[in-house]
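Numbering (the numbering used here), first residue to last: 16 to 367. Glycine included, every Cβ here is placed at the ideal spot set by N, Cα and C. For clarity, every value in this text was computed on a predicted model and none was experimentally measured. Report on the structure given below.
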Ligand SMILES: [Zn+2]
């Protein structure tokens, strides 16, 4: 989600909560179901420079989210069941589908026991190179490069810029500026090269990050053996497909699914676009996912599901449950559909 989208949602959440506006809006905006996005799940670290904390929640919060959702009468469903309900327009009960991206080992250590306790199904969207141990987690390379440095130099927009990174607040500021500048580059390979160079210059073991924090194939196979778990595809190298040529996008989407089938014995029926915002996944890619035979594909465009999404099964929105919104009252408001309706200007389907 863009910075602007995030701050709109964040400000809107508090306003909607304290005015009670979300309760009034619920019957009109709440839709028929919601897909939730999670990344890392692990105990909170001591305060400090944690620029990727929006991609993690604590085990306690996950436990509370799942408990409160099932207590509130939502059906917790697999993506296959969500697909069936959308196709058959079976909307007697509101549903939630839980999805985890990327294959972090903490999903096994902290999330799986909670899913098991609640009997809650979930899908893990896996980039095959991450299980291979060769994935480039460039956002963590950038974080660690800045964490390890008192100052860094980086070429942005054709200009060499020097950032003070001596204190936590300076590090935060440098990360935000560099991260969003790199995300706006048209060629993803430039972004990756710059992160890698910064990491290497700071003495960070960039190549070791993937094996350190992501599950390998044996671990994925054990994780996937739990009947609650569905494995979905997430490309091979976690590329932003909209920034690649049609050939490369197709090859990446196909290769990720083929490798999962080879290693786990079943071809994934569901797909998630890496990064997943409009600059990373667009209409060409929604058509590609359908053409490759995926039953559903999810973006990170924020939104709840409406009956009309049965006509856009490879462009489904999700709501990210992340560190910045780590309070249940926030999730309550998000699920009302009100903040995302505001953000989407009350357009229910955003698939263009
Ligand atoms: Zn991802």
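Asked: Buried/exposed call for residue 263, threshold 16 Cβ in 10 Å; Found: exposed
Asked: Supposed contact pair residue 69 and residue 359 - C-beta distance, whole angstroms, cut 8 Å; Found: The Cβ separation is near 20 Å, so there is no contact.
Asked: Contact test: residue 142 Cβ vs ligand 1 heavy atom, cutoff 8 Å; Found: yes
Asked: Residue 310 to residue 173 span [Cα, whole Å]; Found: 42 Å
Asked: Member of 267, 71, 94 whose CA lies at the smallest distance from the CA of residue 243; Found: 94
Asked: Residue range of the alpha helix (DSSP H) that includes residue 194; Found: 183-198
Asked: Which of helix, strand or coil DSSP assigns to residue 168; Found: strand
Asked: Residues near residue 176 by beta carbon distance below 8 Å, same chain, minus five either side; Found: 168, 169, 170
Asked: Alpha carbon of residue 105 to alpha carbon of residue 119, nearest angstrom; Found: 33 Å
Asked: Any non-hydrogen atom of ligand 1 within 8 Å of residue 285 CB; Found: no
Asked: Heavy atom of ligand 1 within 8 Å of residue 242 beta-carbon; Found: no
Asked: Uninterrupted alpha helix (DSSP H) stretches inside the stretch 248-332 (no shorter than 4 residues); Found: 261-279, 298-306
Asked: Simplified DSSP assignment, three categories, for residue 215; Found: helix
Asked: Length at least 4, wholly inside the stretch 109-167: the alpha helix (DSSP H) runs in chain order; Found: 127-133, 143-147, 153-162
Asked: Residue 292 vs residue 329 beta-carbon contact at 9 Å; Found: no
Asked: Host beta strand (DSSP E) of residue 179 (start-end); Found: 174-179
Asked: Residue 367 versus residue 298: straight-line alpha-carbon distance, rounded; Found: 6 Å
Asked: Short Cβ contact (9 Å threshold) for residue 250 with residue 271; Found: yes
Asked: Own chain residues within Cβ distance below 8 Å of residue 155, not counting five before or after; Found: 67, 224, 228
Asked: Classification of residue 267 by the beta-carbon crowding that lies within 10 angstroms, buried from 16 upward; Found: buried
Asked: Integer-rounded CB distance, given that residue 117 should sit under 8 Å from residue 8; Found: Shown here, the chain extends from 16 to 367; a query on residue 8 therefore has no answer.
Asked: Ligand 1 site residues, beta-carbon cut 6 Å against heavy atoms; Found: 116, 117, 249, 253, 289
Asked: Nearest-angstrom Cβ-Cβ length linking residue 135 and residue 72, presumed shorter than 8 Å; Found: Actually they do not touch by this definition, with Cβ atoms about 15 Å apart.
Asked: Local conformation of residue 231 per DSSP, three classes; Found: coil
Asked: 7 Å Cβ shell around residue 16 - same chain, five flanking residues per side excluded; Found: Because the pLDDT at residue 16 is just 49, under 50, the model does not fix this residue reliably, and the value given afterwards should be weighed accordingly. Here the set comprises 292, 315, 317, 335.
Asked: Endpoints, alpha helix (DSSP H) assigned at residue 86; Found: 74-86
Asked: For residue 133, the nearest candidate out of 109, 157, 165, 83 (CA to CA); Found: 83
Asked: Cβ shell of residue 283 (< 7 Å), same chain only, five flanking positions each side left out; Found: 246, 247, 248, 272, 275
Asked: Sequence-distant residues of the same chain with beta carbon closer than 8 Å to residue 58, five excluded per side; Found: 73, 74, 125
Asked: Rounded C-alpha distance that separates residue 278 from residue 211; Found: 28 Å
Asked: Cα-Cα separation, residue 296 to residue 143; Found: 19 Å
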